[in-house]
Every structure is written in C-alpha cells, then in structure tokens.
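Numbering (the numbering used here), first residue to last: 837 to 1147.
As structure tokens, this is what we get:
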C-alpha cells in the first residue's frame, strides 16, 4: 500500500516543471493531430489520453496553489483586527452586513424613485417601493440588534421576525405589481454589451449565497439573524427576475417573441411571488407559535415564583 501511495503521489503530483512540460507537449500533439488531419491515427488517440492526464494534474496543481493562496490571504486578513473579527464573530459580521445592505437598499430605492419621476415609469416607482420596504425591515432589525445581543431577548426578536413577515406580505403586493408591469407594458432592465453576463454571475451568486445562509444561520437560534437572511433571499429573487427581463429583451426569439416573453416572465414572476408569500406566512406563523410558548413559560415561571414567595 505504501508503494502504491508513493506511485500515485508521483503520478498525480509531479511538480510544476513536469506540469508545464506536459501542457506544452499536449499542445504540440493536438496541433499536429488537427493541423495534419490525423484524427483517426494512433497518435491522435495517444494525444487524447495524454491531454486528459495533463488536464487532471494541471487542475490538481491549480487547486493546490489556490488553497495555499487562500491560507496566505486568511493569515494576512487576520492581522487586521476588523477583518479578523468579521471572519470569527458571527454577530459582528451580521451587524456589518445589515448596515451595508441598508445603505445599498436606500441608495437603490432613491435611484429608482428618481428614475421613475424623470422617465414617468411606474416600473421604476414600484421597484423603489420594494427596495424601500427592504430598507425599513433591515433598519428594524438593526434597532433590535442594538438593544441586545443576538439570541438573548427571544421574545423581542420573534416580534421583529413576525413584523418582517408582515412586511414581506406588503412587499409581495409590490412584487406582483412589478410582474404585471413587465408582462403588460414590456418594461424591464437593459444592460450594455457584456455587462449582462456580469449581472448574471452576480444574480446567481447572490441567490445561491442567500439560500445557503437562510439554512446555515438557523443553528444560531436568533430570529433576527434568520430574518436578515430571509430578506437577503427576497432581494436575490428580485435580482433573478430583473435578470430574466434583461435576458429576454437581449436574446429574443424569432418566433412569437412577445408570447414567449410573457409566458416566461409570468411563470418566473409567479414562482418568485409564491416563494416570498410562503416565506412571509412561515415567518408569521412560526413567530406566533414561538411567542405563545415563550409567554406561556414566562407566565408559568412568574406564577411559580409567586407561589414560593407566599409559602
């Protein structure tokens, strides 16, 4: 086993010089095969096998270098007190995230409102209301976080959690208006050139990160933390809807483009509205149940103390 392990180490981790040599040799072989039309020759099959091996060892080397670079970057970050606290202190990181998101939401809402007034666009005005509600929810969570540490005052936190659920219901009305405007008035986003691909990467990154964080932050037993991540998910869903409107406008079908756009936007918009509605109802019902339990246990504790004092 030890001998086999050493052989595998040499084969899969040959070192940088060997990796570069294999890459150059692979390039030469493939150029020869395709330039001289030798696709069915023995050299072609040999070059395909060798190129597969080269790809494997190159990916392993790149992954190793990326891991080393990540460790070095973390060591440098940890030397800066604020950044180190962001990495290690979940509560502090949530505070920073809420402040940053609040500022972005307020700025974005103001920009959409100005655009709506200047261009007489109900679409921009509706989006402005949506992002303003997001900002109000984040401001409410920040006020709660400033009063007590996360997870300490569960009754107050669940009340904020339920309030965010109620505001999500209001947001869903604005979101439904956005979907209707997109379908009926053909309004939406438009990006210049290759910017749409950058926005696509950003939209997919935000929705994946938001969905993972909604699940991950449940273990911290803080309704305010969970509400903050649900709000981020709601914002990410709107980003996906906006991205779809831009992509449908930029990559139109030749056959029935109007019908295709309406069907796709209606389906995606309905799905987003249903997800937001489901999150809102869950937050309201879950918070209500938990508040009943907490208030019941508090009343029971108070009665027990009064009984002991009377004795």
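All residues carry an ideal CB built from backbone N, CA and C; glycine is no exception.
On a predicted model such as this, the values are computed, not experimentally measured, just so you know.
Buried/exposed call for residue i, threshold 16 Cβ in 10 Å
i            : result
residue 889  : exposed
residue 954  : exposed
residue 843  : exposed
residue 1139 : Residue confidence is low: residue 1139 scores 47 on pLDDT, short of 50, so the model does not pin down where it sits. Its coordinate-derived value is still stated next. Counting Cβ neighbours within 10 Å, residue 1139 comes out exposed, since fewer than 16 surround it.
residue 1124 : exposed
residue 970  : buried
residue 1095 : exposed
residue 998  : buried
Length of the line joining the Cα atoms of residue i and residue j
i            : j            : result
residue 1059 : residue 1050 : 11 Å
residue 870  : residue 1113 : 56 Å
residue 927  : residue 861  : 52 Å
residue 1012 : residue 884  : 53 Å
residue 947  : residue 996  : 28 Å
residue 1010 : residue 1004 : 10 Å
residue 841  : residue 850  : 13 Å
residue 1042 : residue 976  : 22 Å
residue 1020 : residue 1044 : 30 Å
residue 891  : residue 1018 : 45 Å
residue 858  : residue 887  : 8 Å
residue 1230 : residue 900  : Residue coverage of the chain in this structure runs from 837 to 1147, which leaves residue 1230 outside it and unanswerable.
residue 930  : residue 1034 : 26 Å
residue 932  : residue 912  : 20 Å
residue 988  : residue 1063 : 15 Å
residue 872  : residue 1016 : 58 Å
residue 1086 : residue 839  : 58 Å
residue 1061 : residue 1048 : 13 Å
residue 878  : residue 1052 : 52 Å
residue 957  : residue 925  : 43 Å
residue 1107 : residue 1132 : 37 Å
Beta-carbon proximity list for residue i, same chain, < 8 Å, skipping 5 on both sides
i            : result
residue 1014 : 959, 962, 963, 966, 1074, 1077, 1105
residue 1066 : 1000, 1004, 1050, 1115, 1119
residue 874  : 868, 880
residue 1130 : 990, 991, 994
residue 882  : 865
residue 852  : 897
Cβ separation of residue i and residue j, assumed to be a contact under 8 Å, to the nearest whole Å
i            : j            : result
residue 848  : residue 896  : 6 Å
residue 945  : residue 968  : 4 Å
residue 1082 : residue 1032 : 6 Å
residue 986  : residue 935  : Residue 986 to residue 935, Cβ: 15 Å. No contact.
residue 1001 : residue 1100 : Going by Cβ atoms, the distance from residue 1001 to residue 1100 rounds to 29 Å, so no, they are not a contact pair.
residue 938  : residue 978  : 7 Å
residue 855  : residue 893  : 6 Å
Cβ neighbours of residue i in the same chain (closer than 7 Å, five flanking residues each side left out)
i            : result
residue 1036 : 1079
residue 1008 : 1109, 1112, 1113, 1116
residue 940  : none
residue 942  : 971
residue 1097 : 1084
residue 876  : none
residue 1121 : none
residue 846  : none
Cutoff 6 Å; reference residue i; Cβ partners in own chain excluding five residues on either side
i            : result
residue 1128 : none
residue 951  : 960
residue 1039 : 1075, 1076, 1079
residue 1046 : 1068, 1069, 1072
residue 994  : 1059, 1123, 1126, 1127
residue 949  : 964
Go through the stretch 1046–1134 residue by residue and report every complete run of the alpha helix (DSSP H) that reaches 4 residues or more, in order.
1059–1086
In the stretch 917–970, which residue ranges form an unbroken alpha helix (DSSP H) of at least 4 residues, counting only runs that do not cross its ends?
917–924, 926–955
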